[in-house]
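In our numbering, the protein residues as written are 1060 to 1238.
This report refers to the structure that appears directly beneath it.
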Amino acid sequence: MPERIQPVEVVAWEVRQQQLATLQEWSVDGRVAFRSGLDGGQSGFSWQHTAQSQRFDLTGILGAGSFSLKSGLSGVELTTGDGEIYRGEDPERLLFEISGWRFPVKEASYWVRGLPDPQFSALPMVLDKKNRLQLMAQSGWSVEIIRYQYVGELELPALVAMERGDVRVKLRLTNWKIG
1060 MPERIQPVEV VAWEVRQQQL ATLQEWSVDG RVAFRSGLDG GQSGFSWQHT
1110 AQSQRFDLTG ILGAGSFSLK SGLSGVELTT GDGEIYRGED PERLLFEISG
1160 WRFPVKEASY WVRGLPDPQF SALPMVLDKK NRLQLMAQSG WSVEIIRYQY
1210 VGELELPALV AMERGDVRVK LRLTNWKIG
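Structure (structure tokens):
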């Protein structure tokens, strides 16, 4: 059974959350491993995020080529490696409809920063000894931040595992850029 969070730890966690929540402009590259039932694969990715929009690019996912998923104030657009363009309102739904790949794009933009998405409950939630997010359940996903890395003064996730039913996703975050 995980240890209960103590009052001093709550304050440290709240300070950490505030610091990470101000991080609105970032990009990260890495690798993703994906498994759903008997299907699986690996891919490279590049993710750029601003306060108003984000872009998530994947190459070679499950042998299906590449795609770019953009979301912003005007909605969501997915462009395949063949140049086909699809539009929608929900990035996770559009991604699944076109690629068959389940990935919580909106929520994961918080998770890769070591934060729960503030729009949804994140219980239970476990912090590590340095008051960093280690485990949580959110939006039907079980999320574990396996390893952190320093990016300047910040400690940001280096390896994140997500699971929902028979879907498993691991993100290896290798090249953070802040600002």
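For each residue, glycine too, the CB sits at the ideal point set by N, CA and C.
Our contact map puts residue i next to residue j with C-beta atoms below 8 Å; I'd like the distance itself, whole angstroms only.
i     : j     : result
L1174 : L1153 : Their Cβ separation, rounded to whole angstroms, is 24 Å, which puts L1174 and L1153 out of contact at 8 Å.
P1216 : Y1209 : Actually they are not in contact, since the Cβ atoms of P1216 and Y1209 sit about 12 Å apart, beyond 8 Å.
Q1101 : R1090 : 6 Å
F1093 : V1202 : The Cβ separation is near 15 Å, so there is no contact.
T1139 : F1155 : Wrong, their Cβ atoms sit about 14 Å apart, outside the cutoff.
W1085 : K1188 : Going by Cβ atoms, the distance from W1085 to K1188 rounds to 25 Å, so no, they are not a contact pair.
D1176 : S1095 : Actually they do not touch by this definition, with Cβ atoms about 22 Å apart.
T1109 : Q1083 : 7 Å
Got a sec, what are the start and stop residues for the beta strand (DSSP E) residue i sits in?
i     : result
R1152 : It is not in any beta strand (DSSP E) - R1152 instead sits in the alpha helix (DSSP H) that spans P1150 to S1158.
A1196 : L1192 to Q1197
V1226 : V1226 to L1232
G1119 : Premise fails: G1119 is in no beta strand (DSSP E) and is neither H nor E.
E1212 : That residue, E1212, is in no beta strand (DSSP E); it is neither H nor E in DSSP.
E1136 : G1134 to T1139
L1174 : Premise fails: L1174 is in no beta strand (DSSP E) and is neither H nor E.
K1129 : F1126 to G1131
D1187 : Per DSSP, D1187 belongs to no beta strand (DSSP E) and is neither H nor E.
Would you mind stating whether residue i and residue j have Cβ atoms separated by less than 7 Å?
i     : j     : result
D1098 : S1105 : no
L1128 : P1150 : yes
Q1197 : V1185 : no
D1088 : N1190 : no
Just how far apart, CA to CA, sit residue i and residue j?
i     : j     : result
A1218 : L1182 : Per the sequence shown, the amino acid found at residue 1218 is Leu instead of Ala. Looking at the two C-alpha atoms, the distance is approximately 21 Å.
S1168 : Q1111 : 13 Å
D1141 : S1130 : 19 Å
R1172 : G1134 : 23 Å
E1222 : Q1107 : 23 Å
E1166 : A1071 : 23 Å
Between which two residues does the alpha helix (DSSP H) holding residue i run?
i     : result
V1164 : V1164 to W1170
I'd like to know whether the C-beta of residue i is nearer than 7 Å to at least one C-beta of chain C.
i     : result
I1237 : Among the protein chains of the structure shown there is no chain C, as only one such chain exists.
Cβ of residue i within 6 Å of any heavy atom in the ligand MG?
i     : result
V1210 : Questions concerning the ligand MG fall outside what the structure shown contains, since it holds no ligand whatsoever.
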